[in-house]
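Notes follow once the structure below has been shown.
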Amino acid sequence: MPRALALGLLLLLVALGARADDWVEFRSERGGFTVAMPPGEARLVEKPPGEMGEITERRFLRFEGRSYLVSLTLFKADTLDPLSVFFLLKAENLTDLGDGDRLRLERSFELDGNPAVEVVVDKSDGRTLSLRAYAVGDRIIQTLVSGPGGSDAASDTRRFLDSLRLLPPR
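Residue 36 in this note's numbering sits at position 36 of the sequence shown; the count goes up by one each step and never skips.
This is the structure:
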């Protein structure tokens, strides 16, 4: 009996290790970044140019009860000045706060000298929204996870949010 239990635990550990290795690096040459994505087929959604001529593309997938999104918004050259970035990287501009939603965290930081913000919102429906947004030149890059309440502390959420890397300028 103990041998069967040990074999079962070994198989479980191997399966969990394989699951962790199923993550893939998504590389956006257009956006100049990479991010680790959980396994699965990501859906690509592109929006037509907006009022400021911006182009937005999003990659979205669901994995183990969470939704993962990486979004790239490309603005016309010289559109994003420091004042625009200041306002664009605010929670009220990045999230749709509804009745009963609670902004739990809004933290500014930098990635490779570029302004960024981390936001965590507890939604009224019990879900948690965790996102980071980065202003890099004429781009806004966002990584977002929507999951069960408290999922901002989950290892897969942290892995996704922490994985964004900027590519060297071309």
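Beta carbons: idealized from backbone N, C-alpha and C, even for Gly.
{"Asked": "Distance, Cα to Cα, residue 55 vs residue 94?", "Found": "16 Å"}
{"Asked": "Just the C-alpha distance for residue 116 and residue 147, rounded to the nearest angstrom, thanks.", "Found": "22 Å"}
{"Asked": "Which residue marks the beginning of the beta strand (DSSP E) containing residue 91, and which one marks its end?", "Found": "Careful: residue 91 lies outside any beta strand (DSSP E), inside the alpha helix (DSSP H) at 91-94."}
{"Asked": "Would DSSP call residue 34 helix, strand or coil?", "Found": "strand"}
{"Asked": "I'd like the span of the alpha helix (DSSP H) that includes residue 162, first residue to last.", "Found": "155-162"}
{"Asked": "For residue 167 versus residue 132, is the C-beta distance shorter than 7 Å?", "Found": "no"}
{"Asked": "When the Cα of residue 26 is compared with those of 170, 163 and 82, which residue comes out closest?", "Found": "163"}
{"Asked": "Please confirm if the segment 66-76 is in contact with the segment 141-159, defined as three or more CB-CB distances below 8 Å between the two stretches.", "Found": "yes"}
{"Asked": "Would you kindly report the start and end of the unbroken alpha helix (DSSP H) that includes residue 130?", "Found": "Where residue 130 is concerned, there is no enclosing alpha helix (DSSP H), although the beta strand (DSSP E) it sits in stretches over 127-136."}
{"Asked": "Please classify residue 151 as buried or exposed, where buried requires at least 16 neighbouring CB atoms within 10 angstroms.", "Found": "buried"}
{"Asked": "Spatial neighbours of residue 60 within its chain, please: C-beta separation below 6 Å, excluding the five flanking residues on both sides.", "Found": "43 and 69"}
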